[in-house]
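2 protein chains.
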Amino acid sequence: MTRNRARYEEIAAHLRALARELPAGSRLPSEAELCERFGVSRMTARQAVQQLVADRLVERRRGAGTFVAPDRVPRLLGSPLSFSASMRRRGLTASSRLIDRGRIVPTPSEAAALRLAPGVGAYVLERLRRADGTPMAIERVDRPREVAELLGDDIETGSLHDAFERIGHTPSRAVAHVTAQRAPAEHRRLLGLGANGIVL
Amino acid sequence: MTRNRARYEEIAAHLRALARELPAGSRLPSEAELCERFGVSRMTARQAVQQLVADRLVERRRGAGTFVAPDRVPRLLGSPLSFSASMRRRGLTASSRLIDRGRIVPTPSEAAALRLAPGVGAYVLERLRRADGTPMAIERVDRPREVAELLGDDIETGSLHDAFERIGHTPSRAVAHVTAQRAPAEHRRLLGLGANGIVL
DNA sequence: TGGGGCTGAATGTATAGTCATCTCCGCGTC
DNA sequence: GACGCGGAGATGACTATACATTCAGCCCCA
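Chains H and W supply the protein sequences, listed in that same order.
Numbering-wise (the working numbering), the first sequence opens with residue 8 and increments by one.
Numbering-wise (the working numbering), the second sequence opens with residue 8 and increments by one.
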């Protein structure tokens with residue numbers, strides 16, 4: 008009577024709880040420790056850990072141990088924040104075509120959304136993302152200064168997410184926007200977005 | 008000299024290729040067949056298959072076999088298209104709070120984006136999505152008629168993705184929109200969006 | 001002809017190892 | 001004090017096996 012839950016599910020639940028209450032980077036119990044604590048074989052403990060790895064809650068470093076994954080929010084919301092990485096995982100080749108880039112003067116309402124003073128120019132970057140040639144998404148990034156440091160980078164095929172991390176801005180929270188619409192200031196207040204928050 | 012690729016990676020690559028060229032629902036080789044063909048033990052073959060399962064490229068049915076997963080595009084782009092399911096997988100409780108809903112008369116440009124005749128009203132649905140109480144995303148759906156059939160549903164906590172599927176519209180492609188901006192008609196042409204395509 | 005049970009096939013769970021490879025850290029040497 | 005080597009510990013890859021559970025289809029009997 009194993010009832011409804013397999014042993015490894017039980018262990019995985021225990022680890023999930025740990026991973027949620029421990030700060031990012033904390034070390035989790037090793038496979039050997041789990042074996043002893045739960046009285047299972049190593050493959051069973053391993054299966055539990057791998058479930059968390061698949062969910063990106065945890066990272067394993069060979070020879071070192073198992074650690075709570077950093078930047079949990081972007082991983083939580085999933086792939087669009089890192090299109091390239093997501094496609095790579097699936098064995099597809101991510102590519103992108105630059106549709107447009109340059110400088111615009113935003114309309115007053117756009118300026119408000121970007122927290123810019125009216126009349127100040129903004130940089131625009133717009134790309135068509137493809138997975139093995141099939142168009143999947145359009146990305147458009149409007150950023151006051153940061154994009155300037157990206158213009159000229161290897162943007163045709165690269166990952167915006169990585170690029171943003173290189174210059175020290177990790178996307179924090181995301182606003183998923185079904186059907187295009189401006190995100191009013193009210194939304195950002197509800198989400199507690201900081202000035203560096205990138206809005207999706 | 009295993010070189011750079013583990014046996015199970017090799018098998019996984021082979022299966023990925025199969026899964027991509029076969030139509031959805033096709034049966035893939037069983038674990039036993041993979042064992043024989045690649046000369047590995049069952050646990051190794053299994054590891055390869057489970058990699059594809061984690062990527063949602065494949066579904067396994069106990070007692071039946073392994074099959075190419077249906078509706079590949081929404082799964083491909085990941086979670087925001089199905090927030091509830093994504094959170095469930097991570098052991099979190101997805102909830103949502105209705106921010107606003109009702110009828111609006113879109114501005115001319117909004118009407119164009121929705122492919123509506125000017126002056127015709129549209130239904131708006133706007134929700135704050137939370138994972139275990141932490142606000143994660145704002146969803147806003149503008150649809151001419153379909154949303155009407157959702158108003159009154161169990162929308163406070165439910166899944167939009169599921170709801171859309173119930174009434175026969177499966178989200179097809181997605182436009183990921185970094186920083187809020189309207190998606191001009193040009194974008195949808197580039198992506199080849201149909202009238203039922205839901206824009207993210 | 002219809003229903004029911006049997007059975008083979010397939011996946012799910014779990015055990016108990018082996019060998020490889022990597023990382024971290026301490027200890028000894030220079 | 002700096003450097004390097006080595007060992008302990010950790011994950012990665014893989015094997016061989018056993019039993020449980022579920023599904024689907026076939027055959028037989030009524």
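Here a beta-carbon is modelled for each residue, glycine too, at the ideal position from N, C-alpha and C.
| message | Taking 8 angstroms as the threshold (C-beta atoms), are Cys-42 of chain W and Arg-34 of chain W in contact? | response | no
| Where does Val-47 of chain H sit, in a helix, a strand or coil, going by DSSP? | coil
| field | CA-to-CA distance, Ala-39 of chain H to Glu-17 of chain W, given in whole angstroms | value | 28 angstroms
| chain H residues whose Cβ lies nearer than 7 angstroms to that of Ala-76 of chain W | None at all; the shortest Cβ gap to chain H is about 11 angstroms.
| CB contact below 8 angstroms: Ala-61 of chain W versus chain H | yes
| Would Ala-26 of chain H pass as a contact of Val-65 of chain H if the rule is Cβ separation under 8 angstroms? | yes
| query | Span of the beta strand (DSSP E) holding Arg-67 of chain H? | reply | 65-68
| task | Keeping to the same chain, check which residues put their C-beta closer than 7 angstroms to that of Pro-77 of chain H; ignore five residues upstream and five downstream. | result | Ala-31 and Gly-32
| said: By the three-class DSSP mapping on this structure, what secondary structure does Arg-53 of chain W have? | reply: helix
| Using the C-alpha atoms, what's the distance from Ala-52 of chain W back to Gly-72 of chain W? | 14 angstroms
| What are the boundary residues of the alpha helix (DSSP H) that Ala-26 of chain W is part of? | 14-28
| query | Who pairs with Val-75 of chain H in a beta bridge, going by DSSP? | reply | H:Val-65
| field | Interface flag, Leu-25 of chain W vs chain H, CB-CB below 8 angstroms | value | no
| message | Do Arg-12 of chain H and Val-47 of chain H count as a contact pair if the criterion is CB distance below 8 angstroms? | response | no
| request: Starting from the C-beta of Arg-44 of chain W, find all residues in its chain whose C-beta is less than 8 angstroms away, skip the five residues before and the five after it, and write them out in chain order. | output: Pro-36
| request: Would you list the one or two residues that DSSP bridges to Leu-35 of chain H? | output: H:Thr-73
| request: Output yes or no for whether 8 angstroms exceeds the beta carbon distance between Ala-19 of chain H and Gln-58 of chain H. | output: yes
| Nearest-angstrom beta carbon gap, Leu-22 of chain H and Ala-55 of chain H [assumed within contact, 8 angstroms] | 6 angstroms
| query | What residues in its chain sit with their C-beta under 8 angstroms from that of Arg-68 of chain W, if we drop five residues either side in the sequence? | reply | Phe-74
| query | Taking just the CA atoms, how far does Arg-63 of chain W sit from Gly-70 of chain W? | reply | 19 angstroms
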